[in-house]
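Residue numbers (the working numbering), protein chains in the order written: chain A, 30 to 256; chain B, 677 to 1131.
The structure under discussion appears below in the form of structure tokens.
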């Protein structure tokens, strides 16, 4: 069965071209013209990924994004009109995993979708497919992270980030490297993607996200994991 | 001219100088007055004393000379002070400090005319007061000198103290001026800081009222101005954002649809294929035009924001150029990483536009060089085309400027905005761009950016 994607976009023509485009890529597509319909479709169609326009009539894209995040770790790619606007940062804070700007190159969108759907493939060291970081237990194969005895709910992107760090403790990852490994970007990735996701990851796995002990910033260089 | 020169000094310097000059003027005139009054009074007193003593002594000389056969030298020995008697054509009383040579000729002449006279003079470098009294009854004259050295020393001390006082007053005046102007200018400094904040983009900067009624109107109108500015910029930003969205949405549908048809190009009949190609070309051109115009409008609305990251420019530009040209243009990067804080998207646009420009007018870039020293990075794009005439080297960076260069046959029409956007992007970084002759002929576009910092 083909992977199912959900498009939430109010413009009929854009929605239509997106559907045609994605069907060409071999995906099964369901559509919604506004936020409420989008949430309903999400519940009924259970898509593997959501493409979400930020400017929607009624319920805004940010609200839809937050509502989706409360119930699911589904990858969300937001569609925005401007690169250097506040929208991008706000969308990432609301829980989006990646973004494309209008007008997007179809190939670019396809690449972003593929990168989001790809499961984490780290270089697992030896037989161990379980990492321990402080009081965290990370099981990449099961997609499970435990903090103490409680399971931590991470989005796919956050999970990929954490696994990359955990598999290479002490290694400093620059933003560029993380963009390439986690998001599949080449040289033009947006560093804000990394920063926003690191911030969100910290709020979930650090005892005090304000002064993180495990995912620490190496000024000017990037981030690294301290076990 | 003079006015302008005055204004080169800051308010603080001017206030300080004015206070210092005022203090100087006041203290100098007071000192001069004090000195003059003191000097006249002291001199007057000294002269009166000297005169009185001379008269007393002259009376003694007169009395003694009336006695026959008296020796003037003996008379002088008994007198206090340095006296000199002219009697019977001879001078008596030649001492170390006084003799007839000491007496000024004017004084002698007056005494010869039977007048009491006095005159200040110097002898052996010291000031003296000489007083002469005619004694016609015995056909003699009595002279006496009084040293004024003590008085002179007193006056010297006085003038020294006065000069010191004037200096202290002047310096004090300057200090008060500096302090007063600093205090008076404090609100101005606060306003300046706020204005700088707004200019740097912190549009929510406001001034706090400190209850000073003199400053209240300034604070109120400054805050109103800042409010209006913030509103206006927010409106502009919203408008460009709305326009952007409204234009980009149909473009997205169009471009994607054309792309899909083009992917099926081979299934189409010959004539439709030509039509699809045309549609694709025009859509692409239209898309570029709209995107460039939106970009320009964001600059004009003042809402273009830099999203800065610390980047190794050598590596980054190499990747960008490789991505755009598919590795056809050699890039010469520096051996060491060249760090700079740049907006990667904008630098990518700069390189893309310069490379496209070279492609369109000069048959493609021949070489891209990245270098830098100290606080700057230099990116250069060279071509082997006809170069840019000196008269057009500035104007080609203006919007829709039509240079004399002809696009190469087969090249799509440009938007006319590419180089002006390059200039805007570079300017936003605080850098500059210009064009010069490439070493081997052709044009060389040079972008200079501020660089530096740790990785």
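The C-beta atom is built at its ideal place from N, Cα and C for all residues, glycine as well.
Bear in mind that the values here come from a model prediction, so they are computed numbers and not experimental data.
Any contact between the stretch 797-816 of chain B and the stretch 760-770 of chain B? By contact I mean 3 or more CB pairs, one from each, below 8 Å.
yes
Straight-line Cα distance separating residue 799/B from residue 706/B:
Spanning the two alpha carbons is a distance of roughly 33 Å.
Helix, strand or coil for residue 986/B? Go by DSSP, reduced to three states.
strand
Below 9 Å on C-beta distance, what does residue 133/A contact in chain B?
928, 931, 932
Let me know if residue 199/A comes out buried or exposed under the rule of 16 or more other beta-carbons within 10 Å of its beta-carbon.
Using a 10 angstroms sphere on the CB of residue 199/A, the tally of other CB atoms stays under 16, which defines it as exposed.
Tell me whether residue 754/B is buried or exposed, calling it buried when 16 or more other Cβ atoms sit within 10 Å of its Cβ.
exposed
Does the beta carbon of residue 686/B come closer than 8 Å to any beta carbon on chain A?
no
Touch check for the stretch 1104-1123 of chain B and the stretch 1056-1070 of chain B: three-plus C-beta pairs under 8 Å?
yes
Starting from residue 60/A, trace the alpha helix (DSSP H) in both directions and tell me its first and last residue.
That residue, residue 60/A, is in no alpha helix (DSSP H); its beta strand (DSSP E) goes 57-61.
If the cut is a Cβ gap below 7 Å, which residues of chain A does residue 924/B touch?
110, 131, 132
Which class does residue 717/B belong to by DSSP, given the choice of helix, strand or coil?
helix
Whose CA, out of 248/A, 124/A, 120/A, lies closest to the CA of residue 201/A?
If you compare the alpha carbons of 248/A, 124/A, 120/A with that of residue 201/A, the shortest gap goes to 248/A.
Selection from 874/B, 756/B, 996/B, 1129/B that minimises the alpha carbon distance to residue 733/B
756/B
The stretch 216-233 of chain A: positions lying closer than 9 Å to chain B by Cβ
216, 217, 218, 219, 220, 221
Could you compute how far the alpha carbon of residue 943/B sits from the alpha carbon of residue 907/B?
Taking C-alpha positions only, residue 943/B is separated from residue 907/B by approximately 54 Å.
What in chain B is Cβ-close to residue 42/A, meaning under 9 Å?
925, 926, 928, 929, 930, 933
Quick one: what does DSSP say residue 881/B is sitting in, helix, strand or coil?
coil
At a Cβ cut of 9 Å, what residues of the stretch 1091-1120 of chain B count as close to chain A, listed as they run along the chain?
Those residues of the stretch 1091-1120 of chain B that come within reach of chain A (Cβ to Cβ, closer than 9 Å) do not exist; the list is empty.
Assess contact between the stretch 915-929 of chain B and the stretch 949-957 of chain B, defined as three or more Cβ pairs (one per stretch) separated by less than 8 Å. Is contact present?
no
Taking the Cβ atom as the reference point for each residue, do residue 89/A and residue 64/A lie within a distance shorter than 8 Å?
yes
My assumption, with CB atoms under 8 Å, is that residue 146/A sits in contact with residue 77/A. Please give the rounded CB distance.
Their Cβ separation, rounded to whole angstroms, is 6 Å, which keeps residue 146/A and residue 77/A in contact under 8 Å.
Between the alpha carbons of residue 177/A and residue 163/A, how many angstroms are there, rounded?
9 Å
Note down, in chain order, every chain B residue with its Cβ under 8 Å from the Cβ of residue 260/A.
No statement about residue 260/A is possible, as the shown extent of chain A runs from 30 to 256 and does not include it.
Have a look at residue 695/B and residue 983/B and give me their C-alpha separation to the nearest angstrom.
Distance between residue 695/B and residue 983/B, taken at the CA atoms: about 50 Å.
Name, going along the chain, the residues of the stretch 78-101 of chain A whose beta-carbon falls closer than 8 Å to a beta-carbon of chain B.
84
Which residues of chain B have a Cβ atom closer than 7 Å to the Cβ of residue 50/A, listed in chain order?
932, 936
Which stretch, first to last residue, makes up the beta strand (DSSP E) that contains residue 85/A?
From DSSP, residue 85/A is part of no beta strand (DSSP E); its letter is neither H nor E.
Is residue 1120/B helix, strand or coil by DSSP?
strand
Would residue 81/A pass as a contact of residue 107/A if the rule is Cβ separation under 8 Å?
yes
Consult DSSP for residue 161/A and reduce its assignment to one of helix, strand or coil.
strand
What would DSSP say about residue 1127/B, mapped onto helix, strand or coil?
It is coil, neither helix nor strand.
Assign residue 1053/B to one of two classes, buried (16 or more other C-beta atoms within 10 Å of its C-beta) or exposed (fewer than that).
Residue environment analysis places residue 1053/B among the buried positions, since at least 16 neighbouring C-beta atoms fall within 10 angstroms of its C-beta.
Let me know the secondary structure DSSP gives residue 950/B once reduced to three states.
Three-state result, residue 950/B: helix.
Determine the chain B residues that contact residue 246/A at a beta-carbon separation under 9 Å, and present them in chain order.
Near residue 246/A there are no residues of chain B at all, since even the closest Cβ is about 13 Å away, more than 9 Å.
Quick check: is the beta carbon of residue 678/B nearer than 8 Å to any beta carbon in chain A?
Annotation note: pLDDT 48 at residue 678/B (below 50); position unreliable, coordinate value reported separately. Under the 8 Å criterion on CB atoms, residue 678/B is classed as non-interfacial with respect to chain A.
For residue 187/A versus residue 233/A, is the C-beta distance shorter than 8 Å?
yes
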